[in-house]
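Okay, so the sequence shown: first residue is 3 according to our numbering, each after it adds one.
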Amino acid sequence: MQWHEERRMRKNVRLNELTYRQYLALAYIVSKWNIERKHATASELKRIIGFSTDRMLKITLEALERKGFIRFHGLNHNPIAEITDNTARIMPFLTDKLLLVEEYLPYKEIKERIALREKGKRDYLSVKPQVPFVDSLAFLNNKRRIVHRWSDFLEDFPPSLVWSVFERFLKCATAARAAVVLDPFCGSGTTLVTAKLLGHEGIGLDANPVAAFISEVKTSWDIPPKDFRAEANAILNALSSASELLDAVRVSTEAFSLMDKMELNQWLKPSVQNEVAFVSEAVKEEVEDERIRRLLLLALVESARAASNVSFCPGTSFYPFRKRPSFAEAFKRKCSQIYEDLLILSRLNGFGNTKIFTGDARKLTEYIEEEVDFILTSPPYPNDLEYTRQTRLDLYLLGFVKSMKDVAAIKKRMVCGSTKLIYKDARGNAKFVEKYESVQHIFERLKEAFSGKNWGWDYPRMVKEYFGDIFVVLRETKKVLKEHGIAVFVVGDQTYKQILIPVGAIMSEIAEDLGYETKRETFRVRRSTLHNIPLKEEIVILKIAR
Ligand SMILES: C[S@@+](CC[C@H](N)C(=O)[O-])C[C@H]1O[C@@H](n2cnc3c(N)ncnc32)[C@H](O)[C@@H]1O
């Protein structure tokens, strides 16, 4: 079917009105009919929607009938449902063969089967570096270029900011002395990669093991590019040889068996799940060099996210109908970028060393012993963004969590920038900011605005705990900052129900109280369509007062 025709038909039946559960049930009913000419049974549909009760299935099917996709005859009837003419028109679009496959095979068995039909080998990574080999670091001054582009992390630093802050406060390390640079909320390692490129020593910390993993991989460059290329090509060749088989059987991988089925189905289409599972197993089974394995796992999680249904704005939403790059294409592209960058890096030298920890910045001194010259960091904003949600797929795929209990343990380590991070046994720093009128005033106003709401809406508590956490972080950073050191915090204002939370201003107030000299500079102003309050993003520059 032509793309525009398909789009017109999809518009007719308004697929976008479906919830994710309804979409899955519909896709199953259609696939079963289109491929096997059979009707879906109640037990099959319960498995697909992830609920074992008749009640939920009935609600789902009734909704599909109301929206004109099926005729629902009742759960005791045979068949229980039939598709309407409108749905029949978009049958090819909704059909997914893998939804009907219940059996999962281990990677080893899949490998044996594909060995029988091995295709010719290809060199997928035949890229030539596009960046000239020049004798200066100037060409690295682009956030979307070298190494930075290995990951796409939500809320990472604005492109130009990090380089300009380094230029202003540190420049290149001279032969005389490299600075020790710390980022206690390192995320995807933007500060650390820049520090390393400029020859400085870097120390990074992040509460989320996925972020620590990304930062660590992005600052490990001592890998022969040709070895990486050979391994990446081998995996891509295996994926290509397996493609026919992956249309018919499902690959088992521990990560996916542990993840909530519904959530997994929201993230990835069954066909993408299959490719991701295959590559994940292949990398773990076949690649012996730990450094290369980690690089390929980074490429894997980045490509899985690129090919997923997820969208992060606003919050975490899933759109099964949006066009996404194929996983295989995304993985190949990511590997090519990594190879190209490794080639460039292999011709340069003078990079600094980097150390990364998974840990809590509120307990900084438990991780680092040395004093640092410079801190450039961006803590979470109080914007209700819950970072483990954005990295849920990565957490399971990289083996950092095995259950939601493990996820909760990570959430408890995080600065309270989201109402979803409020746990009884993890919070309590609010007491440090009781004395600040600015915080107290916002707390009271929010309490009034959100009165009657509780879990998930506790913005007043969140804001107090947030600044309490910031208080503790600033107290910790003061212990590790050298006498003449400088700390630069990148922060942004926030608003709820027209109530402004001026994060930079309150952070400065707390910092001055703790014995810092402070200065604030606005680098960007955000505007929202929901209100007319300009939201400043600022750098808060701190020095220890003398
Ligand atoms: C705004 S992001 C930093 C992005 C980073 N500047 C970059 O360029 O990718 C904030 C980070 O702080 C981390 N974080 C939250 N609470 C933390 C804590 N208590 N200790 C360390 N890291 C934490 C989050 O996991 C997230 O990666």
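Just so it is clear, CB atoms sit at the ideal spot from N, CA and C, and this is done for glycine as well. From a predicted model like this one, the values you see are computed outputs, not experimental measurements.
Residue range of the alpha helix (DSSP H) that arginine 147 falls in? Here the question's residue 147 lines up with position 145 in the sequence shown. Element bounds for arginine 147: n/a, residue is neither H nor E.
When you compare the CB positions of valine 281 and leucine 247, do they come within less than 7 Å of one another, or not? Sequence index remark: in the sequence shown, residue 281 carries index 279 (1-based). Sequence index remark: in the sequence shown, residue 247 carries index 245 (1-based). In this structure, leucine 247 does not lie closer than 7 Å to valine 281 by Cβ.
With 16 as the cutoff for other CB atoms within 10 Å, does glutamate 342 come out buried or exposed? For this step, residue 342 is matched to residue 340 along the sequence shown. Flag for glutamate 342 reads buried.
Taking the straight line between their C-alpha atoms, what separation do you get for valine 103 and tyrosine 25? Counting from 1 along the sequence shown, the entry for residue 103 is found at position 101. Counting from 1 along the sequence shown, the entry for residue 25 is found at position 23. Each residue's Cα considered, the two are about 18 Å apart.
When the Cα of leucine 194 is compared with those of Asp208, Val167, Ser217, which residue comes out closest? Here residue 194 is taken as the residue at index 192 of the sequence shown, counted from 1. The candidate whose alpha carbon is nearest that of leucine 194 is Ser217.
Ignoring anything shorter than 4 residues or poking outside the region 193-228, list the alpha helix (DSSP H) runs there in chain order. 211-220
Please classify aspartate 249: does DSSP put it in a helix, a strand, or coil? Residue mapping note: residue 249 aligns to position 247 of the sequence shown, counting from 1. In this structure, aspartate 249 counts as coil in the three-state DSSP scheme.
Entirely within the region 356-384 and at least 3 residues each: give me those beta strand (DSSP E) ranges in chain order. 356-360, 374-379
Under a three-way DSSP split, which group does glutamine 392 fall into? Stepping through the sequence shown from its first residue, residue 392 is reached at position 390. It is helical.
Taking 6 Å as the cut-off, does the CB of serine 128 come closer than this to any heavy atom belonging to ligand 1? In the sequence shown, the residue the question calls residue 128 occupies position 126. Not so, every heavy atom of ligand 1 lies at least 6 Å from the Cβ.
CB tyrosine 369 to CB phenylalanine 353, shorter than 7 Å? Indexing the sequence shown from 1 puts residue 369 at position 367. Indexing the sequence shown from 1 puts residue 353 at position 351. No.
At what residues does the alpha helix (DSSP H) containing threonine 62 begin and finish? Residue numbering aside, residue 62 sits at position 60 when the sequence shown is read from its first letter. Segment 56-68, the alpha helix (DSSP H) holding threonine 62.
Considering only heavy atoms of ligand 1 and the C-beta of each residue, which residues fall inside 5 Å, strictly closer? Phe155, Glu157, Asp158, Phe159, Phe187, Gly189, Ser190, Thr192, Asp208, Ala209, Asn210, Ala213, Asp362, Ala363, Ser380, Pro382, Tyr389, Met416, Val417
In the DSSP assignment, find the beta strand (DSSP E) that holds valine 493 and state where it starts and stops. One-based indexing of the sequence shown puts residue 493 at position 491. Going by DSSP, valine 493 is part of the beta strand (DSSP E) stretching over 483-494.
If you count every other CB in all the chains shown that lies within 10 Å of the CB of valine 527, and 16 or more means buried, which is it? Counting from 1 along the sequence shown, the entry for residue 527 is found at position 525. Its Cβ having fewer than 16 others within 10 Å, valine 527 is exposed.
Where does the unbroken alpha helix (DSSP H) through leucine 47 begin, and where does it stop? As a working mapping, residue 47 is identified with position 45 in the sequence shown. From DSSP, the alpha helix (DSSP H) with leucine 47 extends over 44-51.
Under 7 Å between C-beta atoms of leucine 32 and threonine 86: Numbered from its first residue, the sequence shown carries residue 32 at position 30. Numbered from its first residue, the sequence shown carries residue 86 at position 84. One point to set straight first is that residue 32 is valine, not leucine, in the sequence displayed. No, Cβ-Cβ distance for valine 32 and threonine 86 is not below 7 Å.
Would the region 424-442 count as touching the region 283-298 if we require 3 or more Cβ pairs under 8 Å? no
Does the distance from the C-beta atom of phenylalanine 2 to that of phenylalanine 473 stay below 7 Å? With the chain covering only 3 through 548, there is no way to say anything about residue 2.
Would you list the residues sitting across from arginine 526 in a DSSP beta bridge? Translated into the one-based positions of the sequence shown, residue 526 becomes position 524. Paired residue(s): Glu539.
Return the first residue and the last residue of the beta strand (DSSP E) that isoleucine 503 is part of. On the sequence shown, position 501 is the one that residue 503 refers to. From DSSP, the beta strand (DSSP E) with isoleucine 503 extends over 501-503.
In the DSSP assignment, the alpha helix (DSSP H) including leucine 184 goes from what residue to what residue? The residue you call residue 184 lines up with position 182 of the sequence shown. No alpha helix (DSSP H) holds leucine 184; the beta strand (DSSP E) holding it covers 182-185.
Which residues bound the beta strand (DSSP E) around glutamate 84? Numbered from its first residue, the sequence shown carries residue 84 at position 82. Element bounds for glutamate 84: 83-85.
Which of the three DSSP states, helix, strand or coil, is assigned to valine 475? Reading the sequence shown from its first residue, position 473 is the one you call residue 475. Helix.
Kindly indicate the opening and closing residues of the alpha helix (DSSP H) around isoleucine 37. On the sequence shown, position 35 is the one that residue 37 refers to. First-last of the alpha helix (DSSP H) with isoleucine 37: 22-38.
Own chain partners of proline 108 with C-beta closer than 7 Å, once the 5 adjacent residues on each side are dropped: Taking the sequence shown and counting its residues from 1, the one referred to as residue 108 is at position 106. Same-chain partners within the cutoff: Ser254.
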